[in-house]
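Chains as they are written, first to last, in the UniProt record's numbering: chain F, 1 to 371; chain H, 1 to 330; chain Y, 1 to 276. Where a beta carbon is used, it is the ideal one built from N, C-alpha and C, also for glycine.
Given below as structure tokens:
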């Protein structure tokens, strides 16, 4: 490498991106504190402390942070991966739901071990991801609309199927409620994710299992695909400039479909990982699951970078756990306002970053011309 | 026949919010800004309108002048939706930020803000703002004598009649005229198709895009109130995904007013059929299948996808939507 | 001219030594994206090894679509295209590239570069899949960097941070040089160049003209599309005038004048009719 390739640390795009995200977080938290003061001045300091300190206050809470971060990370990876190909996967929710259903189907109906169930979750998500991809590539239908449609279709389909599968429901396994799936510790303990060798570290918190390890592995895998492979090179080229990709002979239709399939599979694993933890049961809902939508802010905060997604999901999960501890002085939704402000600022941050990069390169350009 | 009257009136009731919000999305997108924050705008509009109604109810003004109060609430919904939409405009137009990111932030913000505000005003844990019972238009409103027993016309007109319905019709006609018969509409559409060309003939693209976003905020806010009235059980800090559904209606309607009207009625009809499927004798029964309403709920989405396969080849989407306009770029 | 040295507008050229036909186009019809009629209506010509054939015409007479058809960016309605005797009419773009076609596109921002990729990544846009640059699907980063650095040096592409420069931040002339470096270094049998000097400074124009002539002197076939009559007259060995999607005349630049070309380009004259 010649010396002209070395850029000052503060001018590298990745560093600028991280700085911009951190700045958004700080400003978001400050505005959050202002909000707390406005709502209930007396409790504001205590509330802020709860928001920022609860996650580390004990091992059980930290376990919960990791437990919630895992599915969030998968959805964030899913949305971010699609973003890299120039697609907005607003359908992570439906893919997550399908992943959860496929995983639970294998776990309860077919009594499979956890790793098969997780794989099934990936398949379920991938099936739901292929539709927006196919519709976009071959029928020119905007992927956002297909994804929104398939969020609803997925939710109703899962409700319909579960309602007609008595074996899947809690009522089929000795419990009284028929509005949710059977608890895994009753139906198939073998499908519950292993707690891992580090469970003792967390005081055997009921939240802790290997899900966070699995998701971090996936984050690294996605990073490798995007950064190191010809496939990633093609996907990013399609995302950045479809015309240039076509000019270079890249099959953009194939890449759109593949990208959505992978994106869907990532969301599907998220759904599987959440319900295979054994602590939650899938409840037949009338509204779409929010987890998939929460993947969008995670991806945005991380600028779609897979490694950044690890930290973004941990952060959002951390302050969500903190937000729950702010009750009853504040409603836990206060946290969502803080997150919303951070994302809104992150939208500016992209711009700030553009200005920084532009200023730097513009300066360089002038120097070059002067020579 | 009674059931037909019920279906028609309920369909109109549910079509109104879809129509308003989809028209709002249409204005925004024709100006070149993708408005994914329609859901959030609906929530904000509904939130403040419901507070207004509650306040008017408690002050005694509401029960005394029900439809005037309702009109005030509609205005409040529209104006607050508009103010909220400024946030999208600022991010998307002034700062040239990614429009989906800004919109996502607003969608994240609105329901949380609604919950926090509801708690702050009503007290901890009280998450529902109830709508006063005088808001519905009845025979009494027109000084008509009540009818005894069920009557087709009475059910058709007065069973679910709110001021939002005539307002929506007026707004729809106005929107159509503005979009296609005025200079403003032509300029607005030019900014969504080719902002550089629009700029070159002296149209202020930034101003036009703000106008598009603000109109969508107004219609979105009113649509939020209309949804809350249709849902019936008061405002619970959400609008049931109708903002996203409206986005689908808009695309299904090919970004044009009349097809959007058709698409909203179509979606609403299926919603109603799904809700009433147990009482509709002409529907197939699927003996032995539980929770079949899920199937009917699914239908409009499936039909939409099939229709889109055949129609999307000649999609009329504004060409420059989603691309921030930068005077400097070529 | 303030470029610090003499600039030659006339290009030094040896007489051309024509070889076998490389590109053969027969009755090609290409639809238009703008209107319902065909943009290219039954065009036939060939380009032989060692010559520069220039398609001249007023913008919007089908030359862009003709190139889209030949390079595969648009599907032709009918007709055949052969590259070294091989039918490539419906071949995918990648196949054409493998068969020896290089393409310097009309719009360097739209097609020619992935503007947000680094210069190094752009340099391998047509070749990243070759064994030289990838191993089992993994990109050989060092090979890409070395290759990019060689092209940058050899073709004098100037940029802020060398191979790590984001293409968007480069000047138009250097962007174009990067594309030419990439396309020429592929060692193509046929070089298709569309308005290769549009919007560039005189220094860059001179350089690019030299590169194109050098390709021809190596015995490559060059198909050039230009709207600049000076460029047409200076560079080409044969001129085809296109008018409303049809080729209305073929000229030897040494035996024709700009005025004569202008008449044909404006549709006032047509060779077939003149003979009849």
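Beta-carbon of residue i versus every beta-carbon of chain F: anything under 8 Å?
i: residue 110 of chain Y; result: yes
i: residue 97 of chain Y; result: yes
i: residue 126 of chain Y; result: yes
i: residue 276 of chain Y; result: Reliability fails at residue 276 of chain Y, whose pLDDT of 37 lies under 50, so the model's placement of it is uncertain and no value is given.
i: residue 134 of chain Y; result: yes
i: residue 199 of chain H; result: no
i: residue 101 of chain H; result: yes
i: residue 220 of chain H; result: no
i: residue 147 of chain Y; result: no
i: residue 122 of chain H; result: no
i: residue 241 of chain H; result: yes
Over the uninterrupted alpha helix (DSSP H) stretch that includes residue i, give me the two end residues.
i: residue 294 of chain H; result: 293 to 311
i: residue 82 of chain Y; result: Run containing residue 82 of chain Y: none in the alpha helix (DSSP H); it sits in the beta strand (DSSP E), 78 to 83.
i: residue 79 of chain F; result: 59 to 84
i: residue 238 of chain Y; result: Here residue 238 of chain Y belongs to no alpha helix (DSSP H); instead the beta strand (DSSP E) covers 238 to 243.
i: residue 144 of chain F; result: 143 to 163
i: residue 277 of chain F; result: First-last for residue 277 of chain F: undefined, no H or E at that position.
Please report the straight-line C-alpha distance between residue i and residue j, rounded to a whole angstrom.
i: residue 287 of chain F; j: residue 333 of chain F; result: 18 Å
i: residue 76 of chain H; j: residue 54 of chain H; result: 13 Å
i: residue 76 of chain Y; j: residue 274 of chain H; result: 49 Å
i: residue 168 of chain Y; j: residue 179 of chain Y; result: 13 Å
i: residue 131 of chain Y; j: residue 29 of chain F; result: 50 Å
i: residue 269 of chain Y; j: residue 45 of chain Y; result: 19 Å
i: residue 313 of chain F; j: residue 250 of chain F; result: 33 Å
i: residue 127 of chain H; j: residue 240 of chain H; result: 15 Å
i: residue 38 of chain F; j: residue 120 of chain H; result: 10 Å
i: residue 106 of chain Y; j: residue 27 of chain Y; result: 23 Å
i: residue 196 of chain H; j: residue 59 of chain H; result: 52 Å
i: residue 233 of chain Y; j: residue 253 of chain Y; result: 6 Å
i: residue 86 of chain Y; j: residue 207 of chain H; result: 56 Å
i: residue 210 of chain H; j: residue 98 of chain H; result: 16 Å
Please find out if some non-hydrogen atom of the ligand FAD comes closer than 7 Å to the beta-carbon of residue i.
i: residue 102 of chain Y; result: In the structure on display, the ligand FAD does not appear, and there are no ligands present to speak of.
Looking only at C-alpha atoms, which of the options sits nearest to residue i?
i: residue 230 of chain H; options: H:175, H:322, H:268, H:281; result: H:268
i: residue 100 of chain F; options: F:244, F:241, F:274; result: F:274
i: residue 149 of chain Y; options: Y:92, Y:166, Y:120; result: Y:120
i: residue 222 of chain Y; options: Y:85, Y:189, Y:38; result: Y:189
i: residue 36 of chain F; options: H:93, H:116, H:23, H:11; result: H:116
i: residue 33 of chain Y; options: Y:57, Y:66, Y:16, Y:54; result: Y:66
i: residue 227 of chain H; options: H:6, H:266, H:3, H:14; result: H:14
i: residue 163 of chain Y; options: Y:61, Y:117, Y:140, Y:249; result: Y:117
i: residue 129 of chain Y; options: F:233, F:264, F:31; result: F:233
i: residue 82 of chain F; options: F:97, F:171, F:306; result: F:306
Beta-carbon of residue i versus every beta-carbon of chain Y: anything under 8 Å?
i: residue 105 of chain F; result: no
i: residue 17 of chain F; result: no
i: residue 241 of chain F; result: yes
i: residue 136 of chain F; result: no
Tell me which residue opens and which closes the beta strand (DSSP E) that residue i is part of.
i: residue 42 of chain Y; result: 38 to 48
i: residue 24 of chain Y; result: 21 to 31
i: residue 54 of chain Y; result: 52 to 56
i: residue 246 of chain Y; result: 246 to 251
i: residue 178 of chain H; result: Element bounds for residue 178 of chain H: not the beta strand (DSSP E) but the alpha helix (DSSP H), 164 to 181.
i: residue 192 of chain Y; result: 190 to 194
Say whether chain H places a C-beta atom closer than 8 Å to the C-beta of residue i.
i: residue 152 of chain F; result: yes
i: residue 143 of chain F; result: no
i: residue 177 of chain F; result: no
Just to confirm my understanding: we take residue i, look at its own chain, exclude 5 residues before and 5 after, and list those with CB closer than 7 Å. What are they?
i: residue 179 of chain F; result: 283, 284
i: residue 50 of chain F; result: 322, 325, 326
i: residue 265 of chain H; result: 11, 15
Excluding the 5 residues preceding and the 5 following residue i in the sequence, name in chain order all residues of the same chain whose CB lies nearer than 6 Å to its CB.
i: residue 96 of chain Y; result: 72, 88
i: residue 78 of chain Y; result: 29
i: residue 264 of chain F; result: 95, 125, 126, 128, 129
Mind listing the chain C neighbours of residue i? Cutoff is C-beta to C-beta under 7 Å, in chain order.
i: residue 291 of chain H; result: Judged by its chain identifiers, the structure shown contains no chain C, and its protein chains are F, H and Y.
For residue i, collect the residues of the same chain with a Cβ closer than 8 Å to its Cβ; drop the 5 residues on either side in sequence, then sort them by chain order.
i: residue 371 of chain F; result: For residue 371 of chain F, the pLDDT reaches just 33, beneath the cut-off of 50, and the residue's location in the model is therefore unreliable, leaving the point undetermined.
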